[in-house]
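S.K.:
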Amino acid sequence: MKIIVKDNYSEMSKLAASVIADLVRKKPDCVLGLATGATPIGTYHELARLHREEGLDFSKVRTFNLDEYLGISMDLTLPYEMDQSYARFMHEELFKKINIKKKNAHVPYGLATDPDKYCKEYEKMIADAGGLDLQLLGIGGDGHIGFNEPGSSFDSRTRVEHLNQKSIDDNYEAFYKKAGVSKEEMPKKAITMGVATIMEAKSLLMIVSGIGKADIIQKALEGPVTTQITASAIQTFKRDVTVILDKPAASKLKKL
Ligand code: F6R
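Just so we're aligned, residue 135 is where the sequence shown starts under the numbering used here, counting upward by one.
#1: Between the Cα of H185 and those of T376, F281, M146 and I154, spot the shortest distance and give me the residue it belongs to.
#2: Check Y178 in the structure and name its three-state DSSP category.
#3: Comparing the CB of Y243 with every heavy atom of the ligand SAM, is any distance shorter than 7 Å?
#4: Hey, L166 and L268: beta-carbon distance below 8 Å or not?
#5: On the DSSP letters alone, give me the boundaries of the alpha helix (DSSP H) that V153 sits inside.
#6: Compare the beta carbon distance of V375 and S316 with 8 Å and say whether it is the shorter of the two.
#7: Does the structure place the region 215–232 close enough to the region 247–255 that three or more beta carbon pairs sit under 8 Å?
#8: For the region 192–202 against the region 234–248, do three or more pairs of beta-carbon atoms, one drawn from each stretch, fall closer than 8 Å, so that the two count as touching?
#9: Kindly list the residues whose CB is nearer than 6 Å to the CB of T331, restricted to its own chain and excluding five residues on each side of it in sequence; keep chain order.
#10: Ignoring anything shorter than 4 residues, give me the alpha helix (DSSP H) runs that lie fully in the region 274–334, in order along the chain.
#11: Pick helix, strand or coil for Q269, following the three-state DSSP scheme.
#12: Are three or more beta carbon pairs between the region 292–304 and the region 366–382 nearer than 8 Å?
#13: Could you compute how far the alpha carbon of T247 sits from the alpha carbon of A324?
#14: Count the other CB atoms within 10 Å of the CB of K230; is the residue buried (16 or more) or exposed (fewer)?
#15: May I ask you to verify whether the region 351–364 touches the region 308–322, counting CB pairs closer than 8 Å and requiring at least 3?
#16: What separation, rounded to the nearest whole angstrom, lies between the Cα atoms of G328 and S207?
#17: So E334 and G265 are in contact, right, with Cβ under 8 Å, and what is the actual spacing, rounded?
#18: Using a Cβ-Cβ cutoff of less than 6 Å, which residues in the same chain neighbour T177 once the five nearest sequence positions on both sides are dropped?
#19: Excluding the 5 residues flanking A172 on each side, which residues of the same chain have their C-beta closer than 6 Å to its C-beta?
The following block contains the structure:
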């Protein structure tokens, strides 16, 4: 595992974007697994800049997002602040700023009428694309990757997951509160790639920022491998895994 500490969020984001950009240049039709949340915003903005200023070409790139809240999907008729779907997030933060083809950018469909069946189809779509070349990950305050909450099996695949209170609270503070949505109205379930789905990627790139993540990332990288912290599964990853942290997030690591 490669662990890299950068001075701040901006430097972390630039390096993460350069890892992704290198892959896109090397393999123009690569398959990227993408994440949402506060952490990757800087990375996406840097990728958009590389597209705009240096012509980084996404025309053949395919993407699959980790997760989406159940019961919502992108609704372009809603005012921006009201639509908290991850599809909308991806559109705003990345897809509309690069030349990716709409048909190649996949976010789990939160309004699927038969979500269990849809989850199997999502797995098949990833497999049919040839699997994920790189999966970008953040880490949740409870140690989740994707929305694989504590206790999720390492054999889990794409499925509907109940969000635990910590995830609901964190997402409320980061996004929903600003949108004027009450905690009671927030989605309590999500479609998420499973731990096994994520671990089948050819490479992993985790980004971690801020003092608020220092304890949980220390446990995930240096503590026991446990389903109570699903991010700890990356310790068992056999191929290329890079973790980029900013200084505050890395401040509790002992083995640097
Ligand atoms: C999002 C996702 C989550 C986030 C995690 C960290 O698609 O899969 O696991 O990566 O909750 O979120 P932020 O970056 O908002 O701290």
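Beta carbons: idealized from backbone N, C-alpha and C, even for Gly. These numbers were taken from a predicted model, which means no experiment stands behind them.
M.R.: In short, the structure shows the following:
#1: I154
#2: helix
#3: Looking for the ligand SAM in the displayed structure turns up nothing; the ligands present are the ligand F6R.
#4: yes
#5: Start and end: Y143 to K160.
#6: no
#7: no
#8: yes
#9: R291 and T292.
#10: 299–305 and 329–333
#11: The answer is strand: DSSP assigns Q269 an E or B state.
#12: no
#13: 14 Å
#14: exposed
#15: Result no; under three Cβ-Cβ pairs closer than 8 Å.
#16: 20 Å
#17: 6 Å
#18: S147, A150 and A151
#19: A308
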